[in-house]
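Enquirer: Shown below is the structure under consideration.
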Amino acid sequence: MRKAYARALGCKVNAYEARALLNEALSLGFLEAEAPEEADLIILNTCAVTSLSARKSRQALRHLRRRSPGARILLMGCAAEEDPASFEDADLLLGTSGRKDALKALLSLKEGEKSALPMVPWREKEYEEIGKGVLGGGARANLKIEDGCSNFCSYCLIASLRGRPRSRKPVDVLEEARRLLSSGTKELVLTGTHIGFYGHDLGEGEGLPFLLRELFKILPEDGRVRLGSLEESEVGEEMLRLFHEERRLCPHLHLPLQSGSPSVLRRMGRKYGREEYLRSARLLREARPEIALTTDLIVGFPEETEEEHGESMAFLREAGFARVHVFPYSRRPGTKAALLKDLPPSLKKKRTREALLLAQELEESHLRSMEGKEGTLLVEKAEGGKAYGHTEGYLALALPSEGLRPGDTKRLLLRREWMVRSDDE
Numbered sequence: 003m004r005k006a007y008a009r010a011l012g013c014k015v016n017a018y019e020a021r022a023l024l025n026e027a028l029s030l031g032f033l034e035a036e037a038p039e040e041a042d043l044i045i046l047n048t049c050a051v052t053s054l055s056a057r058k059s060r061q062a063l064r065h066l067r068r069r070s071p072g073a074r075i076l077l078m079g080c081a082a083e084e085d086p087a088s089f090e091d092a093d094l095l096l097g098t099s100g101r102k103d104a105l106k107a108l109l110s111l112k113e114g115e116k117s118a119l120p121m122v123p124w125r126e127k128e129y130e131e132i133g134k135g136v137l138g139g140g141a142r143a144n145l146k147i148e149d150g151c152s153n154f155c156s157y158c159l160i161a162s163l164r165g166r167p168r169s170r171k172p173v174d175v176l177e178e179a180r181r182l183l184s185s186g187t188k189e190l191v192l193t194g195t196h197i198g199f200y201g202h203d204l205g206e207g208e209g210l211p212f213l214l215r216e217l218f219k220i221l222p223e224d225g226r227v228r229l230g231s232l233e234e235s236e237v238g239e240e241m242l243r244l245f246h247e248e249r250r251l252c253p254h255l256h257l258p259l260q261s262g263s264p265s266v267l268r269r270m271g272r273k274y275g276r277e278e279y280l281r282s283a284r285l286l287r288e289a290r291p292e293i294a295l296t297t298d299l300i301v302g303f304p305e306e307t308e309e310e311h312g313e314s315m316a317f318l319r320e321a322g323f324a325r326v327h328v329f330p331y332s333r334r335p336g337t338k339a340a341l342l343k344d345l346p347p348s349l350k351k352k353r354t355r356e357a358l359l360l361a362q363e364l365e366e367s368h369l370r371s372m373e374g375k376e377g378t379l380l381v382e383k384a385e386g387g388k389a390y391g392h393t394e395g396y397l398a399l400a401l402p403s404e405g406l407r408p409g410d411t412k413r414l415l416l417r418r419e420w421m422v423r424s425d426d427e
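Each residue of the sequence shown is one higher than the one before, counting from 3 in this note's numbering.
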C-alpha cells in the first residue's frame, strides 16, 4: 500500500496547506506515513519569512531526499516562490499557487520526470480551494479563511510571495467547519496570511465579524473559535463587541507589534503608532478583561539606535504582553529595508538577548497572575498518565490525565506547576 508523508515549516497557513494536500492523498488511497522513510509521496511546504527559514527549507529538502531517495517529492511554499532554483531536486515544484491539481500532476509524471508548475500568485484573483478530503484535525484544527497580503512592510517579502488578499467564500469555510466539528474538533483556529483582510474582496458587510457570527450559528456550546492574528487597526467596534458578547470566542489574540519605537515603525512601513496600538490593547481588555495579548518583536532593525531599542523595551513593559516572540532582524533582498544600513551581528545578538530576557520575565509574570484562576482545558493529547492541551486563554497545560481523553474539556483552578511552555502559536 502506498504511503504519503507531509511536513510544513513556518506558519499555521503552511501547516494547513500541507495537511490539506496530505488529506487529498489519503482520499486517493494513500496511507499516512509516520516517517519519510516509509513514504512513496512526500509533501513539503517551505517558509521564507526570514533568511534562516529559507535556509531550513533547503536543508529540509536535502534531508528528506536522503531519507527517502525513491519517494516523489511535491515541494511548494514561500521559499520555493522566492528562489525556485534552490529546490530543483523536487519532483514537482510549486510556489504559493497552483496547488489545486498538484497531486494529480505529480502522480502523472513518468519515472525520473520532473516538473515545475507556474508560480504566479499575483495572477490569482480568487481563493484557491485545495485538499477536498475530509480534514480530521483533532481536538484543535486550523481553518484557513484567507490568503495573501497587501501591506508590503519594508522588511517583509510575504506580500510579494503570497499575492493579493483573497477571501475564502463563507459557504466553503462553513462547509469545512461542519466537517471538522462532525469529526470531533472542539476548537477552530482561523488562520490566513492576514485574516484581518478577510471579506475585503467579498460583498459589503461580509468581513471577519460576519464570518464569525456565521460560525457561531453552527458551533456547539462547548466549542470555541480562536483568531490567529489581527493588526491593531482591525480591532474595530464589531470585533470588540464579539469579544465582549461571545464567550466561545477565545480570550486570546496575537497583536503584531514589531517595534515599540515610533521612528522604527515608520521605517518598517507599519501603519500605526505607539498610542494607536496601546488604545487597541486597552479596548480589548475593556471588552474582555481576561484576554491574553501576545505579540512579535523584531530586534536590531536597520539603523536602530540604542534609544530606539530602549523605547521597544519600555513599550513591552507598558503593554504587559502575556508572551513576546522575539526575532533578530533578517535582511531579505528585494525589500526596502534591505537598502538601509544593517547593524553589526554582535549588536543584534546583544539586543536579542536583552529582549528575550524581558520576554521571559513578562511571560512568567503572566503565568503567575493566572494561578488560582478558573480555566477550561481542551485536551489535545493524553499519554504517559498526563493530559496536554490549552485553555481558552491559550495557556499550555500538562496535568495528571485521570481518565481524560483527547477532545475532552475540563473546568479547573489553574496551578503553576501545570503550566508549560508551548511553541504552538
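No residue lacks a Cβ here, since even glycine has one placed at the ideal position from N, Cα and C. Bear in mind that the values here come from a model prediction, so they are computed numbers and not experimental data.
Ordered along the chain, which non-local residues of its own chain (more than five positions away) have a Cβ less than 7 Å from that of K388?
Expert: So the list reads A400, L401, P402 and S403, once near-sequence residues are dropped.
Enquirer: Go ahead and pull the three-state DSSP assignment for P172.
Expert: The answer is helix: DSSP assigns P172 an H, G or I state.
Enquirer: Please go through the region 180-233 and give each complete alpha helix (DSSP H) segment of 4 or more residues, from N-terminal end onward.
Expert: If we require 4 residues or more, the alpha helix (DSSP H) runs fully inside the region 180-233 come out as 210-220.
Enquirer: Taking the straight line between their C-alpha atoms, what separation do you get for P474 and E177?
Expert: The structure shown has nothing for residue 474, since the chain only spans 3 to 427.
Enquirer: What are the boundary residues of the alpha helix (DSSP H) that T354 is part of?
Expert: Residues P347 to M372.
Enquirer: Can you give me the Cβ contacts of S70 inside the same chain, cut-off strictly under 7 Å, excluding the 5 residues immediately before and after it?
Expert: So the qualifying residues of the chain are P38, E39, A41 and I44.
Enquirer: Suppose the cutoff is 6 Å on Cβ atoms and the five residues either side in sequence are ignored; what does the same chain contact list for F329 look like?
Expert: Closer than 6 Å at the Cβ level, and outside the excluded window around F329, lie I300.
Enquirer: Identify, in the order they occur along the chain, each residue of the same chain with its Cβ nearer than 8 Å to the Cβ of D103, setting aside the five sequence neighbours on each side.
Expert: Closer than 8 Å at the Cβ level, and outside the excluded window around D103, lies no residue.
Enquirer: Please classify E115: does DSSP put it in a helix, a strand, or coil?
Expert: Correct three-state label for E115: coil.
Enquirer: Are the region 140-151 and the region 16-24 in contact at 8 Å, needing three or more beta carbon pairs?
Expert: Touching, per the Cβ criterion.
Enquirer: Since K383 is in the beta strand (DSSP E), which residue starts that stretch and which ends it?
Expert: Start and end: E376 to E385.
Enquirer: Hey, C155 and G271: beta-carbon distance below 8 Å or not?
Expert: Taking 8 Å as the Cβ cut-off, C155 and G271 qualify as a contacting pair.
Enquirer: Buried or exposed: which applies to G97, given that a residue is buried once 16 or more other Cβ atoms fall within 10 Å of its Cβ?
Expert: Label assigned to G97: buried.
Enquirer: Assign I147 to one of three DSSP states: helix, strand, or coil.
Expert: Strand.
Enquirer: Just to confirm the assignment, what range does the alpha helix (DSSP H) spanning R60 have?
Expert: Its alpha helix (DSSP H) spans residues S53 to R69.
Enquirer: What does DSSP give as the partner residue(s) for V266 in the beta ladder?
Expert: Partner(s): none; V266 has no beta bridge.
Enquirer: Just to confirm, are V51 and T193 a CB contact at a threshold of 8 Å?
Expert: No, the Cβ-Cβ distance between V51 and T193 is not below 8 Å.
Enquirer: Under 8 Å by Cβ, that's how I've got L255 and I293 pegged, so tell me the actual separation to the nearest angstrom.
Expert: Right, their Cβ atoms sit about 6 Å apart.
Enquirer: Got a sec: is the Cβ-Cβ distance from D149 to anything in chain C below 8 Å?
Expert: Annotation note: the requested chain C is absent from the structure, which comprises a single protein chain.
Enquirer: Using the DSSP secondary-structure output, state which residues sit across from Y279 in a beta bridge.
Expert: Answer by DSSP bridge pairing: none, since Y279 is not bridged.
Enquirer: Between which residues of its own chain and L259 is the CB-CB distance below 7 Å, once the five residues before and five after are set aside?
Expert: So the list reads Y279, T297, D298 and L299, once near-sequence residues are dropped.
Enquirer: Determine the contact status of R413 and E382, defining contact as a CB-CB distance below 8 Å.
Expert: No, they are not a contact pair.
Enquirer: A389 lies in the beta strand (DSSP E); which residues open and close that run?
Expert: Start and end: K388 to H392.
Enquirer: If you compare alpha carbons, which of L364, L295 and K351 is closest to R228?
Expert: Measuring from the Cα of R228, the nearest candidate turns out to be L295.
Enquirer: Measuring alpha carbon to alpha carbon, tell me which of N153, E247, I75 and E115 ends up nearest L214.
Expert: Here the closest residue by C-alpha is E247.
Enquirer: Here's a check: name, in chain order, each residue in its chain whose Cβ is nearer than 8 Å to the Cβ of L416, leaving out the five neighbours to either side.
Expert: Around L416: M372, E373, G374, K375, E376, G377, T393, L397 and L399.
Enquirer: Please check the pair L54 and A92, which I expect to be a contact at CB under 8 Å, by giving their CB distance rounded to whole angstroms.
Expert: Contact flag wrong, Cβ pair sits at about 21 Å.
Enquirer: Counting C-beta neighbours from all protein chains within 10 Å, is the total for G336 16 or more, i.e. buried, or is it exposed?
Expert: G336 comes out exposed.
Enquirer: On the premise that G150 lies in contact with R166, defined as a C-beta separation below 8 Å, what is that separation, rounded to the nearest angstrom?
Expert: Right, their Cβ atoms sit about 5 Å apart.
Enquirer: If we count the other Cβ atoms within 10 Å of its Cβ and call it buried at 16 or more, is M3 buried or exposed?
Expert: By the 10 Å Cβ count, M3 comes out exposed.
Enquirer: Cβ of A324 within 8 Å of Cβ of G262?
Expert: Against a cut-off of 8 Å, the Cβ pair of G262 and A324 comes out as no contact.
Enquirer: For E189, count neighbouring C-beta atoms within 10 Å of its own C-beta (all shown protein chains included) and say buried if the count is 16 or more, exposed if not.
Expert: Burial call: buried.
Enquirer: Can you tell me whether S29 is buried or exposed, with buried defined as 16 or more other CB within 10 angstroms of its CB?
Expert: S29 comes out exposed.
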